[in-house]
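In the numbering used here, the protein residues as written are 791 to 868. First the structure, in the form of structure tokens, and then the observations on it.
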């Protein structure tokens with residue numbers, strides 16, 4: 791329920807390929823996964839984050855240096 795938690799979610803979206811894939815497939819359950827891990831989001835934040843365009847996230851993530859990316863390799867993480 792804070793700006794910090796929103797920033798954590800956005801950071802995860804742009805640096806974690808597996809999470810980004812889950813978000814692209816189904817935003818609400820992907821975000822609820824983080825809530826289940828202790829990231830507190832209020833209804834307004836959850837709605838706003840669910841509305842993020844996955845294509846824009848992909849474009850931005852692709853512009854980041856590879857050393858700050860978590861890449862999914864054959865169902866696992868690098």
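Note that beta-carbon positions come from the ideal geometry of N, C-alpha and C, so glycine has one too. Keep in mind that this is a model prediction, so the values were computed, not measured.
Problem set entry | Secondary structure of residue 827, DSSP reduced to three states | The sequence position of residue 827 within the chain shown is 37, counting from 1. Looking at residue 827 - three-state DSSP - the assignment turns out to be coil, as it is neither helix nor strand.
Exercise. Could you give the distance in angstroms between the alpha-carbon of residue 849 and the alpha-carbon of residue 841?
Worked result: Reading the chain shown from its first residue, position 59 is the one you call residue 849. Reading the chain shown from its first residue, position 51 is the one you call residue 841. If you take the alpha carbons of residue 849 and residue 841, they lie about 16 Å apart.
For this session: Look at the alpha carbon of residue 853 and the alpha carbon of residue 846, and state the distance between them as a whole number of angstroms.
Result: Here the question's residue 853 lines up with position 63 in the chain shown. Here the question's residue 846 lines up with position 56 in the chain shown. Near 11 Å, if we compare the C-alpha coordinates of residue 846 and residue 853.
Exercise. Among residues of its own chain, excluding the 5 on either side of residue 844, which ones have a beta-carbon nearer than 8 Å to its beta-carbon?
Worked result: For the purposes of this step, residue 844 is taken as the residue at position 54 of the chain shown. Excluding positions up to five away in sequence, the list reads 810, 813, 814 and 817.
Exercise. If you count every other CB in all the chains shown that lies within 10 Å of the CB of residue 829, and 16 or more means buried, which is it?
Worked result: Your numbering for residue 829 matches position 39 in the chain shown. Looking at its Cβ environment, which holds 16 or more other Cβ atoms inside 10 Å, residue 829 is buried.
Exercise. Since residue 793 is in the alpha helix (DSSP H), which residue starts that stretch and which ends it?
Worked result: Mapped onto the chain shown, residue 793 falls at position 3. Looking at the DSSP string, the run of the alpha helix (DSSP H) that includes residue 793 is 793 to 805.
For this session: Please work out which residues of its chain come closer than 7 Å, Cβ to Cβ, to residue 792, disregarding the five sequence neighbours upstream and downstream, and give them in chain order.
Result: Locating residue 792 in the chain shown gives position 2, where the first residue counts as 1. Here the set comprises nothing.
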